[in-house]
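Colleague: Pasting in a structure now, in structure tokens, and then I'll have a few things to ask.
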Amino acid sequence: MTSYLYDMETISPRSTRQWLLSPRLDIFILVLIVSIGVGLRLCGLDHGVGTHPDERHMVQVTTTLESNRMNPKSFAYGSFSFYAAWLFSKALKPLWPEATTYDGLFTSGRIFCILMGTIAIPLVYYLGFLVYKRSLVGLIAATFLAINVFHIQLSRFFTSDVTLTTLCLISIIALVKAHQNNTLRSYLIFGACAGLATATKISSAFLFAPLALVVSISTLRDWLPHNNWQRPLRVIGTLLVWLVAMLFVWKLIYWKGYPRVLGYRLYEGPCLIPLAIPFLAITSYTVRRVSAPLSNLFASLSLGVLVFTLAEPYAILDFQTFQRHTEEQTSMVRGYWRPPYTIQYAHTLPYLYHLKQMLWYTMGWPLFLVAIFGVAAATARVAMESIDNVLRQEFLKKPLSAEIIPLTFLVVLFIMTAHFQVKFPRYLLPLYPLSFVFGAALFANSIRFNYPLKRPSQDTPVPVARPKSDESTLAGSDPKITGSATQIDPSAQFSPSES
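All residue numbers in the sequence shown are consecutive under the numbering used here, ending with 499.
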């Protein structure tokens, strides 16, 4: 009985990353998908102008920015959407003089949101390819997002939901890269995008749940094998030293009263936000040798706070207005304050209402079933993998699947948001691309493609089957190996076999 061993990585065209056809053809297919998505979002661009109440509010605030010294004086939405639309309209003004007017901002704001919604299509492809290493998963997920009626609808209005979704998607991609490679660049990209997302809508704060998970796993895997408890003590000591230094500087600022910035009284609590930027950066540099994951975390937080401060400065300067509007919105979503447009959600069931909306309206039952079963399958895989690693005592030795990163954000955001008394479906829009990725993975696993082997050229050496016992019978021991040693019959079965 002779056993034949094959180098499958060399012979097979499959690799760690599987392309559906080829890199160029897959990218070409993605371009077609993006083109379809752009066409669906641009169709009827001026339809229903002025009918969306949130859109009217966004346009009104944006038109008054210059007269109010760039203070939106409205914090029901974050300031980044106003500033981004204002800058975008300024860029369009040389081509279209009406872009910055009240009527023109409806169109220029919509074009900006269509641009942000279109960017999400290749991003969801990249996320699926990054997590599952299969181009097919990314292409299916991109198709789901490109034709999803709810994402198309919200992309065609000047609101903040599509911008928030795209920023959250970039943040999740950066976290997946950080989980896989633990690089400083990935953490910094996350910090910048998470800062912009927080300046767009406060619900993006749930992005810090997967961030905490990534940092915890990386830190424990870095510390526990060495069994050195001096490292955490040194980190804690460094944090305490810089915290005391920051509080000392904070007290010096208010030693002679409240300072004023741009005519606004700077209160003590909000002042801690910009004050934390240099101290987080210094802490990141100080603990670099003790813990690289924690150093990356502090660097990410420092950049995130800096970006948030630049994208929504009046949340700090005009803190009283910011606090009042934030408390008003919080009371509304919890049902303590009920304006007329929220009465429709009285006596609706938490969680189930959102699922019903997805089933019948925002996704449709075919896509909803694929997405919900995909999320369930991903949850089961992550749970079984975690339990198996714990039982084998390899929880910190064997890296967890990257699925856990987007899944954590999806679950946390759904649990924390879907129970509110006010249940606008757009609150859960950031979950749609993630659920489409999980649904695409489930759908792709049910599809099997044959990857035909290309006949190698005469000049390309290819490993061939070699008998384990006697290498001298190379040409004669197997009828499937014919001719010279560099040619293989395509009909051969390339799997280990015994005869």
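Even glycine gets a Cβ: it sits at the ideal position worked out from N, Cα and C.
For A475, count the other beta carbons within 10 Å of its own beta carbon; 16 or more makes it buried, fewer makes it exposed. Which is it?
Modeller: Interpretation of A475 is limited by its pLDDT of 41, a score under 50 that renders its predicted location unreliable; the figure taken from the coordinates is listed afterwards. Counting of Cβ neighbours within 10 angstroms places A475 among the exposed residues, the total staying below 16.
Colleague: Contact check, A194 vs S204 under 8 Å by CB: the rounded distance?
Modeller: Contact flag correct, Cβ pair sits at about 7 Å.
Colleague: Is there a Cβ of chain D sitting closer than 7 Å to that of V261, yes or no?
Modeller: Within the model displayed, chain D is absent; a lone protein chain is all it includes.
Colleague: Looking at the structure shown, is P461 part of a helix, part of a strand, or coil, going by DSSP?
Modeller: Only weak support is given to the placement of P461: the predicted model assigns it a pLDDT of 48, under 50, and the value that follows is read from those uncertain coordinates. Coil, per DSSP.
Colleague: Reducing DSSP to helix, strand and coil, say where Q421 ends up.
Modeller: coil
Colleague: Within the region 356-393, note down every full alpha helix (DSSP H) run reaching 4 residues or more, in order along the chain.
Modeller: 365-391
Colleague: From Q230 to R221, what does the alpha carbon distance come to, in whole angstroms?
Modeller: 15 Å
Colleague: Can you give the Cα-Cα distance for N445 and A418, rounded to whole angstroms?
Modeller: 30 Å
Colleague: Report yes or no: do the region 137-147 and the region 414-430 share at least 3 C-beta pairs separated by less than 8 Å?
Modeller: no
Colleague: I need the boundaries of the alpha helix (DSSP H) containing N445, first residue and last residue.
Modeller: L431 to N445
Colleague: Just checking my contact of I500 with F409 at CB under 8 Å: how many whole Å lie between their CB atoms?
Modeller: The structure shown has nothing for residue 500, since the chain only spans 1 to 499.
Colleague: Flag this pair as touching only if the region 152-166 and the region 273-283 have three or more C-beta atom pairs under 8 Å; answer yes or no.
Modeller: The way I'd put it, the region 152-166 doesn't touch the region 273-283; fewer than three beta-carbon pairs between them come closer than 8 Å.
Colleague: With hydrogens ignored, establish whether the beta-carbon of A146 is closer than 6 Å to any heavy atom of the ligand FMN.
Modeller: The ligand content of the structure shown is nil, which means the ligand FMN is not present either.
Colleague: Determine the DSSP secondary structure at R260, reduced to helix, strand or coil.
Modeller: strand
Colleague: Express the C-alpha separation of F190 and S509 in angstroms, rounding to a whole number.
Modeller: Because the chain in this structure spans residues 1 to 499, residue 509 falls outside the shown range and cannot be described.
Colleague: At 4 residues or longer, what runs of the alpha helix (DSSP H) sit wholly inside the region 277-323?
Modeller: 292-311 and 314-317
Colleague: Would you report the Cα separation of N148 and S216, rounded to the nearest angstrom?
Modeller: Their Cα atoms are separated by approximately 35 Å.
Colleague: Please state whether DSSP places R338 in a helix, a strand or coil.
Modeller: coil
Colleague: Let's test the definition: count the other Cβ atoms within 10 Å of the Cβ of P456 and tell me whether it reaches 16, buried, or not, exposed.
Modeller: Only weak support is given to the placement of P456: the predicted model assigns it a pLDDT of 39, under 50, and the question is left unresolved by the model.
Colleague: Residue range of the alpha helix (DSSP H) that L428 falls in?
Modeller: No alpha helix (DSSP H) holds L428; DSSP gives it neither H nor E.
Colleague: Would you report the Cα separation of P401 and R234, rounded to the nearest angstrom?
Modeller: Just to set this straight, residue 401 is Ser in the shown sequence, not Pro. Each residue's Cα considered, the two are about 31 Å apart.
Colleague: Look at the alpha carbon of L434 and the alpha carbon of F106, and state the distance between them as a whole number of angstroms.
Modeller: If you take the alpha carbons of L434 and F106, they lie about 29 Å apart.
Colleague: DSSP on R156, reduced to helix/strand/coil?
Modeller: coil
Colleague: So, helix, strand or coil for R134, using DSSP?
Modeller: Looking at R134 - three-state DSSP - the assignment turns out to be strand.
Colleague: Within 10 Å of its beta-carbon, does W360 have 16 or more other beta-carbons around it, so buried, or fewer, so exposed?
Modeller: exposed
Colleague: Give the DSSP-derived three-state secondary structure of R265 in the structure shown.
Modeller: Note: R265 maps to strand in three-state DSSP.
Colleague: Just reading off the alpha helix (DSSP H) that M246 is part of, what are its end residues?
Modeller: Q230 to I253
Colleague: Taking the C-alpha atoms as reference points, what is the distance between G50 and L95?
Modeller: 23 Å
Colleague: By how many angstroms is the C-alpha of T198 removed from the C-alpha of G78?
Modeller: 7 Å
Colleague: Can you list, in chain order, the residues of its chain whose CB lies under 6 Å from that of I404, leaving out five sequence neighbours each side?
Modeller: Closer than 6 Å at the Cβ level, and outside the excluded window around I404, lie V382.
Colleague: For the region 305-321 against the region 252-269, are there 3 or more C-beta pairs whose distance is under 8 Å?
Modeller: yes
Colleague: Among residues of its own chain, excluding the 5 on either side of M116, which ones have a beta-carbon nearer than 6 Å to its beta-carbon?
Modeller: The residues are V162, T163 and T166.
Colleague: Tell me which residues share the same chain as L442 and place their Cβ nearer than 7 Å to its Cβ, disregarding the 5 neighbours each side in the sequence.
Modeller: When the five nearest sequence neighbours on each side are left out, the beta carbons in the same chain lying within less than 7 Å of the beta carbon of L442 are those of V370, F373, G374 and A377, in order along the chain.
Colleague: Which residues in the same chain have their Cβ closer than 8 Å to the Cβ of A84, if we skip the five residues on either side of it in sequence?
Modeller: F112 and T163
Colleague: Take I114 as the anchor and find which of R134, D103, K93 and I152 has the nearest alpha-carbon.
Modeller: I152
Colleague: Report the CB separation of V131 from V176 in whole angstroms; it is logged as a contact under 8 Å.
Modeller: 6 Å
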